[in-house]
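Trainee:
Chains as they are written, first to last, in this note's numbering: chain A, 964 to 1288; chain B, 27 to 478.
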């Protein structure tokens, strides 16, 4: 098991290098730092001096890959590729356009992101699985049909609608919770409850329908027939047998997103004014802060690869037959 | 020399859209001769819900196609001079909806309103009042109490008109005997009725009012919603189209050739798919915006620039989504490679590329079709989110995302400006719901696993 995990971590290295090279190509080769400077300063009133100043402030004035003027190993290290891309492996993301340290900012913003993403994830999983089990319990009845229709309708509604509609109804018409904002400690609950509920409702359509399909596939298996033949009530068959066996396909899709919860949700955070990583990313995109976007791409990939590893490990926990070697 | 009254303009996205339609027509002609495919489509046709959804989709596609015939109108110029054409690029839909397009008010007005939404200081009055709309309800004159009755009459007239058109269509259908189709024809007929009624009411009302109100710069929201359909359709279909060749080639190569080719292709798509989609899109769109902004000389009109950005967005979305399809195709090719008919072809000495083209590719078509229809609705929804985030279509392109984005700014207003949000969400809901229902039927009919 340990050997397997180590080998998987080693596999991750070339992928991360690939991600790093891709972002490097995207940010520095497709567009040169000169292009970016011209764009940020405004195309019309731009002077070569202003471009040089912009580049020097951000450390973009070095050569891309090979610094011929520097001596020894500095020829490799005193370049944009090394200072902007390679250093990301060591957790050094440099500074944002407003001068703040990106790594520190990310550390500060992880808390609020998790505070909203984790409850949404757990509650969403619970609600969707319960709903799917309910539909399977009443399978091939009008209730099941109505439930599926509801699921399809709900997944056809834009996520933006849930957020805008929810804010309008709960905060503006009913005045139950503040419309947006955030505070630390227990006070945070009143700011978090609405986004969490909206997140759960928004995700329930597609996930409940997917779980229902998995359960239905499982319910045709022989062991289910055996369990019924033993005279077990349907309730026990579903919870003790079907649910457990269906966990494997459910885990495949679910565990992989757990590390990404740190990244937060772009939409929810920016609509509800939560100072997490999602709103940080949106602000960076709108301000065209290239350094921040680049860092978030890198962190996102690290978390995703970690999620894939977690998925494999979780198989062994859910199914003793699976052996990792 | 007198030129034509209009100068046709073929935007890149139009051309691709027509290529897509050509491909679909060719595939339909080809599928008619394949028994298995004909049987699968017959299963779709027997599904009433699917046919109803297809009808709704068909109406959307028709609107989108009308909106893809672009032209530049000729400007008035003295006789004998060479014709000059307007900078503005319009479409056939714009020409049909000229009334809606040109009757712009000053700013927001509620649906069917006769007055602007906000008070303004009027010239000969000390108080701030709601000014009358320039067009909405203008035919009523000073007699505003007649508005309710006028609206009721117009609705009735619209319903009547819709009903008449529907009956004529039914008569026509009976005359040319398409009634033999059974479920399919009945489902289409039942769906067409509410659509035609809605059209009738909308046309009849929009003669005198703004049915869905007007937006911030006074544009008719119904017009915007109809224009947004093309953007949604393009994003939903072109994205899959542009990524398809790459996904097919790499997926089949990885599955059939194996070895280091397989390793390399798997490495490429694992790397791409490990970057969170929205972030990769955001990064790529930011970079593309820099390219477009630093080369203003590439585009003759602003419509062309917006079109380039739309296409680039499709490419970028395709770049992030081809990995899933490629993985599916690789898995299926691995299975097919071991089957007898492929081994027989190998034994006859058929080359690897001929085998991939003649024996593997046709057997992968159901995966391509399923992923095409399944991805569509997700892409339409994604466009709205991306435009909200600021990495979607060009802000001048009318789309559901840009409509929602501009309306969002006014949410804090009291009372709320709700109509353009509601119109965008309703149209998007209808389009996505129809696509989802149709996609489900297609998957059930074509996926051998789910029909078992």
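Beta carbons are placed, not taken as given, at the ideal position from N, Cα and C, and that holds for glycine.
Treat the numbers as computed from the prediction; the structure is a model and nothing was measured.
What is the rounded straight-line gap between the Cα of residue 426 of chain B and the Cα of residue 1029 of chain A?
Mentor: Each residue's alpha carbon lies about 46 Å from the other.
Trainee: Between residue 319 of chain B and chain A, is any beta-carbon pair separated by less than 8 Å?
Mentor: By this cut-off, residue 319 of chain B is an interface position.
Trainee: Could you give the C-beta distance for residue 75 of chain B and residue 471 of chain B, rounded to a whole number, given that I count them as a contact under 8 Å?
Mentor: Contact doesn't hold; Cβ gap of about 12 Å is too wide.
Trainee: Between residue 970 of chain A and the rest of its own chain, which residues show a CB-CB distance below 7 Å, the 5 nearest in sequence each way excluded?
Mentor: Result list for residue 970 of chain A: empty, nothing under 7 Å.
Trainee: How would you list, in chain order, the residues of chain B whose beta-carbon sits under 7 Å from the beta-carbon of residue 1014 of chain A?
Mentor: Under the 7 Å cutoff, chain B gives no residues; its nearest Cβ is about 12 Å from residue 1014 of chain A.
Trainee: Between the beta-carbon of residue 318 of chain B and the beta-carbon of residue 359 of chain B, is there less than 8 Å?
Mentor: Taking 8 Å as the Cβ cut-off, residue 318 of chain B and residue 359 of chain B do not qualify as a contacting pair.
Trainee: Look at the Cβ atom of residue 1205 of chain A, then the Cβ atom of residue 1219 of chain A, and state whether they are nearer than 8 Å.
Mentor: Going by C-beta atoms, residue 1205 of chain A is not nearer than 8 Å to residue 1219 of chain A.
Trainee: For residue 430 of chain B, which residues in chain A fall below 9 Å Cβ to Cβ?
Mentor: Those within 9 Å of residue 430 of chain B in chain A are 1121, 1123, 1124, 1127.
Trainee: Quick one: list the residues of chain A neighbouring residue 309 of chain B, beta-carbon separation under 8 Å, in chain order.
Mentor: Under the 8 Å cutoff, chain A gives 986, 989, 990, 1256, 1257, 1260.
Trainee: Buried or exposed for residue 528 of chain B, going by 16 or more other Cβ atoms inside 10 Å?
Mentor: Outside the displayed span of chain B (27 to 478) sits residue 528 of chain B, for which this structure offers no information.
Trainee: For residue 99 of chain B, report the span of its beta strand (DSSP E) as first-last.
Mentor: Per DSSP, residue 99 of chain B belongs to the beta strand (DSSP E) from 96-99.
Trainee: Using the beta-carbon count (16 or more within 10 Å), is residue 993 of chain A buried or exposed?
Mentor: Counting Cβ neighbours within 10 Å, residue 993 of chain A comes out exposed, since fewer than 16 surround it.
Trainee: Kindly list, in the order they appear in chain B, the residues whose Cβ is closer than 7 Å to that of residue 1087 of chain A.
Mentor: In chain order: nothing, as chain B lies at least about 18 Å away.
Trainee: For the putative contact between residue 1209 of chain A and residue 1181 of chain A, defined by C-beta atoms under 8 Å, what is the C-beta separation to the nearest angstrom?
Mentor: Confirmed, Cβ separation roughly 5 Å.
Trainee: Can you tell me which residues form a DSSP beta bridge with residue 111 of chain B?
Mentor: DSSP, once it has assigned bridges, lists B/100 as partnering residue 111 of chain B.
Trainee: Between the region 324-333 of chain B and the region 1003-1023 of chain A, do three or more beta carbon pairs fall short of 8 Å?
Mentor: No, because fewer than three Cβ pairs between the region 324-333 of chain B and the region 1003-1023 of chain A fall closer than 8 Å, the two stretches do not touch.
Trainee: Quick check: is the beta carbon of residue 313 of chain B nearer than 8 Å to any beta carbon in chain A?
Mentor: At least one chain A Cβ lies under 8 Å of residue 313 of chain B.
Trainee: Using the Cα positions of residue 216 of chain B and residue 73 of chain B, report the straight-line distance between them to the nearest angstrom.
Mentor: Distance between the alpha carbons of residue 216 of chain B and residue 73 of chain B: 14 Å.
Trainee: To which residues of the same chain is residue 1026 of chain A closer than 6 Å at the C-beta, ignoring the five residues directly before and after it?
Mentor: Within the same chain, residue 1026 of chain A has close Cβ partners 1042.
Trainee: Is residue 446 of chain B close to chain A, meaning its C-beta is less than 8 Å from at least one C-beta of that chain?
Mentor: Judged by the 8 Å Cβ criterion, residue 446 of chain B is not in contact with chain A.
Trainee: Residue 1051 of chain A and residue 1258 of chain A look like a contact to me (Cβ under 8 Å); what is the Cβ gap, rounded to whole Å?
Mentor: Between residue 1258 of chain A and residue 1051 of chain A the Cβ distance is about 7 Å, and since that is below 8 Å, they are a contact.
Trainee: If you measure from the beta carbon of residue 83 of chain B to each beta carbon in chain A, is any gap under 8 Å?
Mentor: No, its Cβ sits nowhere closer than 8 Å to a Cβ of chain A.
Trainee: Taking the beta strand (DSSP E) that residue 32 of chain B belongs to, which residues open and close that run?
Mentor: That run of the beta strand (DSSP E) goes 32-35.
Trainee: Which chain A residues sit within Cβ distance under 7 Å of residue 304 of chain B?
Mentor: By Cβ distance, chain A contributes 1229.
Trainee: Are residue 1077 of chain A and residue 313 of chain B closer than 8 Å when you measure CB to CB?
Mentor: No, the pair does not count as a contact, with Cβ atoms beyond the cut-off.
Trainee: How is residue 1152 of chain A classed by DSSP in three states: helix, strand or coil?
Mentor: In this structure, residue 1152 of chain A counts as helix in the three-state DSSP scheme.
Trainee: Using a Cβ cut-off of 8 Å (strictly closer), state whether residue 293 of chain B contacts chain E.
Mentor: Annotation note: the requested chain E is absent from the structure, which comprises protein chains A and B.
Trainee: Which word fits residue 973 of chain A, buried or exposed, when buried means at least 16 other C-beta atoms lie within 10 angstroms of its C-beta?
Mentor: It counts as exposed.
Trainee: Rounded to a whole number of angstroms, what is the C-alpha to C-alpha distance between residue 307 of chain B and residue 982 of chain A?
Mentor: Cα to Cα, the separation comes out at about 14 Å.
Trainee: Reducing DSSP to helix, strand and coil, say where residue 1064 of chain A ends up.
Mentor: Of the three classes helix, strand and coil, the one that applies to residue 1064 of chain A here is strand, per DSSP.
Trainee: Taking only the alpha-carbon atoms, compute the straight-line gap between residue 357 of chain B and residue 1221 of chain A and give it to the nearest angstrom.
Mentor: Using only the alpha carbons, I get a separation of about 26 Å.
Trainee: Which runs of the alpha helix (DSSP H) at least 4 residues long sit entirely within the region 1014-1087 of chain A? Give them in chain order.
Mentor: The region 1014-1087 of chain A contains these whole alpha helix (DSSP H) runs: 1037-1040.
Trainee: Whose CA, out of B/66, B/200, B/281, B/262, lies closest to the CA of residue 404 of chain B?
Mentor: The candidate whose alpha carbon is nearest that of residue 404 of chain B is B/262.
Trainee: Within 8 Å of any Cβ in chain A, is that where the Cβ of residue 420 of chain B sits?
Mentor: It does not: the Cβ of residue 420 of chain B has no partner Cβ on chain A nearer than 8 Å.
Trainee: In the structure shown, what three-state DSSP assignment does residue 478 of chain B receive?
Mentor: Confidence at residue 478 of chain B is low in this model, with a pLDDT of 36, below 50, so its placement is unreliable and the value that follows should be read with caution. Coil, per DSSP.
Trainee: Out of curiosity, what's the CA-to-CA distance linking residue 1141 of chain A and residue 1238 of chain A?
Mentor: Approximately 15 Å between the Cα atoms of the pair.
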